[in-house]
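Protein chains in written order, with my numbering: chain A, 1 to 308; chain B, 309 to 535.
Using N, Cα and C, we set each Cβ at its ideal position, and we do this for glycine too.
Step one of this worksheet: look at the structure below.
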Amino acid sequence: MALCIKKDGIFTSLQNLGEFGLQGYGINPRGAMDQAAARIVNLLLGNDENDPLLEIHFPGGELEFESDCRFAIGGADFAARLDGDELASWRTHQARASNLLRFREKKKGNRCYLAVGGGLRLSSTARAYSTVRLTKGDRLHFESGSPDLSTNSCVVSPTLIPPYSSFPTVRIVAGGEFERLSPDNIELLTSETFVIANESNRMGFRLRGPAISTERTTEMVSAAVNFGTIQLLPDGQLIVLMADHQTSGGYPRIANIITADLPLIGQLGPNDKVTFKLVDVGEAEQAAMQFERDLKKLRIGVALGRSR
Amino acid sequence: MDVKPVRIFPLGDNAVTVEFGNEMSEPLNSAAISLADHINNNPFPGFVEAVPAVASTTIFYRPFEVRDTADEFSTAFDRVTQFAIDAVDEAVESNTEDLTVHEIPVSFGPQDSLDLEAIAKYSGLGTDDVIEVFLSNTYRVYMLGFLLGFAYMGTVDERIAMPRRSSPRVAVPKGSVGIAGRQTGIYPSESPGGWQIIGRTDVQIVTGDQQRPCLFKPGDSVKFIRT
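Here it is in structure tokens:
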């Protein structure tokens with residue numbers, strides 16, 4: 001049973017929530033840019049939240065289901081259609097063998113997630129330590145057994161869906177080199193608007209905005225960075241490290257985007273805008289806990305729906 | 309451990325960095341490696357991984373799980389900071405017997421030593437002298453980063469320490485041995501890069517092994533030899 005790429009999308013890849021444990025060897029964890037969406041669509045299907053799924057950019061190309069299955073989409077809204085029928089995001093759907101999935105227009109966000117009951121697997125076993133772009137002819141296998149086509153579809157509570165926007169306010173916590181910023185520069189960072197530059201990809205988003213300077217320019221020895229780390233470049237511009245970031249860096253880490261708000265920036269693309277709001281680690285943790293509790297409710301709801 | 313952290317700070321809401329200093333020095337690097345080894349061998353609930361760098365160690369964790377077992381702390385960050393402080397006290401310097409000395413044969417032929425002339429010009433030495441000075445040191449692997457298996461090594465002799473190229477190459481050939489300031493490194497695969505290329509090795513740095521994905525580990529030594 002498989003899902004086949006019939007027509008290339010601009011950048012479709014297989015992702016999960018990242019693989020940890022090897023950063024000490026220079027291998028970054030990678031994983032979905034919008035982890036909230038990836039987890040929600042997997043849980044809707046009763047999958048493990050870490051099951052591999054597709055991350056699709058627009059234009060998304062064409063995908064053909066070669067067998068019957070249940071699937072779910074979420075994240076960006078690309079006006080997905082299954083054999084011409086409009087598909088709602090954040091709920092499960094049934095596909096029949098030979099159904100074609102297409103994406104008509106980019107309505108909101110930049111990364112759409114497609115999960116299939118049981119999770120997707122690439123046919124080749126060689127798992128490269130990098131994000132691989134899938135192209136025409138690639139087949140993704142799944143083993144959902146005989147899908148129960150009579151099961152009611154599951155829907156997500158709206159409170160769980162991240163408040164996506166093309167101009168979000170994203171919360172940050174102070175980073176290791178935050179103290180190098182003068183009060184004036186902290187004011188710039190937390191009040192000005194920053195624009196996502198064209199030179200942005202899964203490794204990092206370059207931001208265009210007012211130049212920010214540090215009071216000390218001490219060279220740093222290389223140290224760890226994280227998904228969401230905001231580095232200050234020598235020219236005063238910022239870069240936000242995204243899912244495929246390198247494991248280490250030598251630029252000042254002035255702030256980090258909080259986990260709960262990473263999906264908001266993870267859905268941005270070139271020319272979208274962002275502002276930053278400084279919070280403390282306690283608030284960041286509270287926001288992350290709230291999402292985990294809501295996600296748990298979804299997990300329980302899906303399990304109850306299945307046993308009914 | 310004798311070396312104590314100079315500061316401990318959050319790297320987001322799911323990681324804590326323990327910093328021992330801001331220089332490439334063997335005692336600081338040794339402390340960072342020992343701390344990472346100790347925590348990796350004595351994980352706490354919610355622990356993800358501990359990653360050593362040149363003079364710091366970063367501990368990644370899942371805040372939700374940490375808080376489940378940390379009632380007396382107001383945040384997961386505080387809980388993990390306390391784990392880190394305790395680990396610094398408990399950790400012993402890692403056993404140096406586990407460390408490997410690697411002999412890496414290097415070719416300095418014209419196609420392999422793309423920036424040898426530039427380094428010679430910059431240093432005021434002849435190309436043979438540059439090679440001799442480069443080969444005379446044994447280098448320590450301070451950390452792995454940038455690319456899978458890319459070892460940041462030091463310390464390069466002051467006389468041939470040259471800054472990165474002002475304009476990075478689009479593709480540095482696999483196996484290239486480069487200099488950036490007082491650091492040296494080997495490109496384990498073809499990659500964009502700005503280091504000054506002094507030679508090239510045929511040694512396969514990436515092993516493909518799951519547990520041990522590359523030849524080097526932090527703390528190892530590297531001796532370059534001329535082919």
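For B:Arg375, the chain A residues whose Cβ falls inside 9 Å of its Cβ are Glu285, Met289, in order along the chain. Around A:Met220, the same chain offers Glu177, Gly250, Tyr251, Pro252 as residues with beta carbons nearer than 8 Å, after the five sequence neighbours per side are excluded. In the structure shown, B:Asn337 adopts helical secondary structure according to DSSP, grouped into three states. Taken through DSSP and simplified to helix, strand or coil, B:Ser421 comes out as coil.
A straight-line Cα-Cα distance of about 44 Å links B:Asp345 and A:Gly60. By the C-beta density criterion, A:Glu55 is buried, having at least 16 other C-beta atoms within 10 angstroms. Contact of A:Thr190 with chain B is not assigned, every C-beta pair being separated by 8 Å or more. Among the residues of the segment 232-243 of chain A, none has a Cβ less than 7 Å away from any Cβ of chain B. Every beta strand (DSSP E) of 3 residues or more that sits fully in the segment 193-259 of chain A is shown, in chain order, as 194-196, 204-208, 229-232, 238-241, 253-257. With contact defined as three or more Cβ pairs closer than 8 Å, the segment 185-193 of chain A and the segment 263-271 of chain A are not in contact. B:Ser444: not part of any beta strand (DSSP E); member of the alpha helix (DSSP H) spanning 435-444, first to last residue. Below 8 Å, too few C-beta pairs join the segment 5-22 of chain A and the segment 276-289 of chain A to call them touching: fewer than three. Just so you know, the alpha carbons of A:Ser182 and A:Gly118 end up roughly 51 Å apart. Going by DSSP, A:Gln35 is part of no beta strand (DSSP E) but of the alpha helix (DSSP H) stretching over 35-44. For A:Gly305, the closest C-alpha among the options A:Thr92, A:Lys106, A:Gly236 is that of A:Thr92. Annotation: B:Gly329 to B:Leu343 spans about 14 Å, alpha carbon to alpha carbon.
In the DSSP annotation of this structure, the continuous segment of the alpha helix (DSSP H) that includes B:Phe372 starts and ends at 371-376. Neighbours of A:Tyr25 in chain B, taken as residues at a C-beta separation under 7 Å, are given in chain order as Leu452, Leu456, Gly457, Pro521, Cys522. Measuring C-alpha to C-alpha distances from B:Gly501 to each of B:Ile393, B:Leu422, B:Arg387 identifies B:Leu422 as the nearest. Restricting attention to alpha helix (DSSP H) runs no shorter than 4 residues, the segment 315-367 of chain B encloses them at 334-349, ordered along the chain. Listed in chain order, the non-local C-beta contacts of B:Ala384 below 6 Å within the same chain comprise Pro371, Val374, Arg375, local neighbours out to five positions each way being set aside.
Segment contact: the segment 448-458 of chain B against the segment 429-440 of chain B, fewer than three CB-CB distances shorter than 8 Å; contact not assigned. Here A:Val156 has Ile40, Leu44, Gly74, Trp90, Arg91, Leu298 as same chain residues with Cβ atoms under 8 Å from its own Cβ, once five neighbours each way along the sequence are excluded. Counting along the chain, no alpha helix (DSSP H) covers B:Ala469, and no H or E run does either. Interface flag for B:Asp321 against chain A is set, since a Cβ pair is found closer than 8 Å. DSSP places A:Asn185 inside the alpha helix (DSSP H), whose first and last residues are 183-191. Each of A:Leu160, A:Glu62, A:Phe194, A:Cys112 was checked against the Cα of A:Asn99, and the nearest Cα belongs to A:Glu62. In this structure, B:Gly493 sits away from B:Leu407, with a CB-CB distance that is not shorter than 8 Å. Residue pairing by DSSP places A:Phe178 in no beta bridge whatsoever. B:Thr515 places its beta carbon 8 Å or farther from that of B:Val414.
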